[in-house]
Each structure stands twice: as C-alpha cells, then as structure tokens.
Amino acid sequence: MRLIAENLGGERGGDAVFSGIGFALEECQALIVTGPNGSG
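When we follow this note's numbering, the leftmost residue of the sequence shown carries the number 705, and every step to the right adds one.
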C-alpha cells in the first residue's frame, strides 16, 4: 500500500504557513514534520 499526497497547504489566521508540500509513503514508513525549533 502507498499513501501519496500532493500540493498540500495550510494556513493559520488566514496566513499561509506552508504550501506545495508533497510526499509518498510506502507501507511501514512514517513521516515526521517538525518546525525550526523542533516542534511538530
């Protein structure tokens, strides 16, 4: 099984926080997203 995400974006308070994010995960893989200070 594969999970594919393309062109993801998010906003907070009407301001874009991220955009154009994509990834593909194969079975038993994980994705961790952290900010510059290590928060997720």
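The C-beta atom is built at its ideal place from N, Cα and C for all residues, glycine as well.
Source: prediction; values computed, not measured.
Query	Result
Nearest candidate by alpha-carbon position, reference Phe727, set Met705, Ser743, Leu712	Leu712
Between the CA atoms of Gln733 and Met705 - distance to the nearest angstrom	11 Å
Same chain, Cβ closer than 7 Å to Ser723, five either side skipped, listed in chain order	Gly713
Secondary structure of Leu735, DSSP reduced to three states	coil
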